[in-house]
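Input: a single structure, listed below in structure tokens.
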Amino acid sequence: MESPLKKSVLKKEDWGLITIATLLSTFVFPPYFIQLMTIAALSEFAHFWTTRLSRIQQDRLIKFEKQLRLGYQLEQKGNREEALTHYQKLYEKYKKFPEICQLISLQIKQMSNPTLKKALKQ
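Take the sequence shown: its position 36, counted from the start at 1, is 22 in the numbering used here, and no numbers get skipped.
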């Protein structure tokens, strides 16, 4: 005859320390609490990641604004040809960023068409 201990659940399964700790933690922390904390941790990680990415984009935009200002200062001094070549170099440099390219192309069009410049000032 087999002993009753061999047929019990403890002898039938391989119970490790992690398994027992997990089972005991369900009594202390309900499963919905663990799920809620996991979702909160993942959401916060996503928030930090997007904040980091937006900061990189913001730094890129600040650098672009400084370079665009140089072209505008050249334009105000009367060096229109230098300003136009500066804007064209900026366009080539920031070709991968459509929002920046749109700003530069508007500035180039404004410099190329004097009637458009007068219409925009009014």
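All C-beta atoms in this analysis are idealised placements derived from N, C-alpha and C, irrespective of residue type, glycine included.
None of the values given here were measured: they were computed from a predicted structure.
Review point. So what does DSSP say about phenylalanine 83, is it helix, strand or coil?
Key: If you number the sequence shown from 1, residue 83 lands on position 97. In the three-state reduction of the DSSP assignment, phenylalanine 83 falls in the coil class, being assigned neither a helical nor a strand state.
Check your understanding: Roughly how many angstroms lie between the CA atoms of asparagine 65 and isoleucine 48, to the nearest whole one?
Key -> One-based indexing of the sequence shown puts residue 65 at position 79. One-based indexing of the sequence shown puts residue 48 at position 62. Rounded to the nearest angstrom, the two C-alpha atoms are 24 Å apart.
Check your understanding: Using the C-alpha atoms, what's the distance from histidine 33 back to serine 91?
Key -> Position 105 of the sequence shown, counting from 1, holds the residue named residue 91. Position 47 of the sequence shown, counting from 1, holds the residue named residue 33. Rounded to whole angstroms, serine 91 to histidine 33 spans 34 Å at the Cα level.
**Study point:** C-alpha distance - leucine 3 paired with serine 11, whole-angstrom precision
**Key:** Within the sequence shown, the letter at position 17 stands for residue 3. Within the sequence shown, the letter at position 25 stands for residue 11. Each residue's CA atom was taken as its position, placing leucine 3 and serine 11 some 12 Å apart.
Review point. Should tyrosine 73 and isoleucine 86 be called a contact, given that it needs their Cβ atoms to be closer than 8 Å?
Key: To locate residue 73, count along the sequence shown from 1; it is residue 87. To locate residue 86, count along the sequence shown from 1; it is residue 100. Taking 8 Å as the cut-off, the Cβ atoms of tyrosine 73 and isoleucine 86 do not count as close.
Review point. How long is the line joining the alpha carbons of glutamine 88 and methionine 97, rounded to whole angstroms?
Key: Walking along the sequence shown from the start, residue 88 turns up at place 102. Walking along the sequence shown from the start, residue 97 turns up at place 111. Each residue's CA atom was taken as its position, placing glutamine 88 and methionine 97 some 14 Å apart.
Point to revise | Nearest-angstrom Cα separation, counted from glutamine 59 out to asparagine 99 | key: Taking the first residue of the sequence shown as position 1, residue 99 is located at position 113. Taking the first residue of the sequence shown as position 1, residue 59 is located at position 73. For asparagine 99 and glutamine 59, the distance between alpha carbons rounds to 19 Å.
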